[in-house]
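See structure below.
2 protein chains.
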Amino acid sequence: MEKIPMEIEIIGFIAAVLTSVSFVPQVYKIWKTKSAKGVSLTMFLLFFVGVILWLVYGIFINSLSMIIANAITSCLALVIIYYKLKIKE
Amino acid sequence: MEKIPMEIEIIGFIAAVLTSVSFVPQVYKIWKTKSAKGVSLTMFLLFFVGVILWLVYGIFINSLSMIIANAITSCLALVIIYYKLKIKE
Numbered sequence: 000m001e002k003i004p005m006e007i008e009i010i011g012f013i014a015a016v017l018t019s020v021s022f023v024p025q026v027y028k029i030w031k032t033k034s035a036k037g038v039s040l041t042m043f044l045l046f047f048v049g050v051i052l053w054l055v056y057g058i059f060i061n062s063l064s065m066i067i068a069n070a071i072t073s074c075l076a077l078v079i080i081y082y083k084l085k086i087k088e
Numbered sequence: 000m001e002k003i004p005m006e007i008e009i010i011g012f013i014a015a016v017l018t019s020v021s022f023v024p025q026v027y028k029i030w031k032t033k034s035a036k037g038v039s040l041t042m043f044l045l046f047f048v049g050v051i052l053w054l055v056y057g058i059f060i061n062s063l064s065m066i067i068a069n070a071i072t073s074c075l076a077l078v079i080i081y082y083k084l085k086i087k088e
């Protein structure tokens, strides 16, 4: 695949920061309240597999912003899954 | 941008189904418990703006799977934001 122009990649990078950062308050909330009750495990498991596939897709289409975003988001989703399984409620 | 080959788009479509569908149990859980307490509003607002930017990015790079995924996900994120604001807790 051809290289994605930098001006388009910038949109991707801003999107990457927002969708990645959006997981931080969720992780913080679970840590603070010591409760993952309101969070659906099913959601995060499906989401995690989906994000891994977006990462593979990003590699194939040479999208640096998708690769970085989905690598970070998959790690954050894993943290939430870990808490959910650990707290068990 | 050149057209993304169908075999790569298939990975994107599977990813799209998973990350879109992953929101359904969250919406169902909020509806069933009548509580959006465990869900972070900050997260979904940041996430919503991020998803809109991924939609714009998908349009620029001619990625049909990204366009469809982010259009659906943004609508589902809007439903969660609506519940969160309506239930207010």
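If you're matching them up, the sequences are chains A and B in order.
For the first sequence, numbering that gives the first Met the number 0 assigns the number 0 to the initial residue and increments by one for each residue that follows.
For the second sequence, numbering that gives the first Met the number 0 assigns the number 0 to the initial residue and increments by one for each residue that follows.
Using N, Cα and C, we set each Cβ at its ideal position, and we do this for glycine too.
This one's a predicted model, so the numbers in the text were calculated from it and none came from an experiment.
Suppose contacts are defined by Cβ-Cβ distances below 8 Å. Is residue i in contact with residue j by that definition?
i               : j               : result
Glu8 (chain B)  : Leu63 (chain B) : yes
Val50 (chain A) : Ile79 (chain A) : no
Ile60 (chain A) : Met0 (chain A)  : yes
Ile10 (chain A) : Leu52 (chain B) : yes
Ala35 (chain A) : Ile86 (chain A) : yes
Leu17 (chain B) : Leu45 (chain A) : yes
Phe47 (chain B) : Ser19 (chain B) : no
Tyr81 (chain B) : Ala14 (chain A) : no
Assign residue i to buried or exposed, taking buried as 16 or more other Cβ atoms, counted over all protein chains shown, within 10 Å of its Cβ.
i               : result
Lys83 (chain A) : buried
Leu77 (chain A) : exposed
Cβ contact check for the stretch 15–34 of chain A and the stretch 15–32 of chain B: 3 or more pairs under 8 Å: no
Got a sec: which bits of the stretch 32–50 of chain B sit with their beta carbon under 9 Å from any beta carbon on chain A, in order along the chain? Thr32, Ser34, Ala35, Lys36, Gly37, Val38, Ser39, Leu40, Thr41, Met42, Phe43, Leu44, Leu45, Phe46, Phe47, Val48, Gly49, Val50
Curious, which full-length alpha helix (DSSP H) runs of at least 4 residues does the stretch 59–86 of chain B contain? You should have 63–86.
Just list the alpha helix (DSSP H) runs in the stretch 1–47 of chain B, keeping only unbroken ones of 4 residues or longer that don't cross its boundaries, in chain order. 5–20, 22–32
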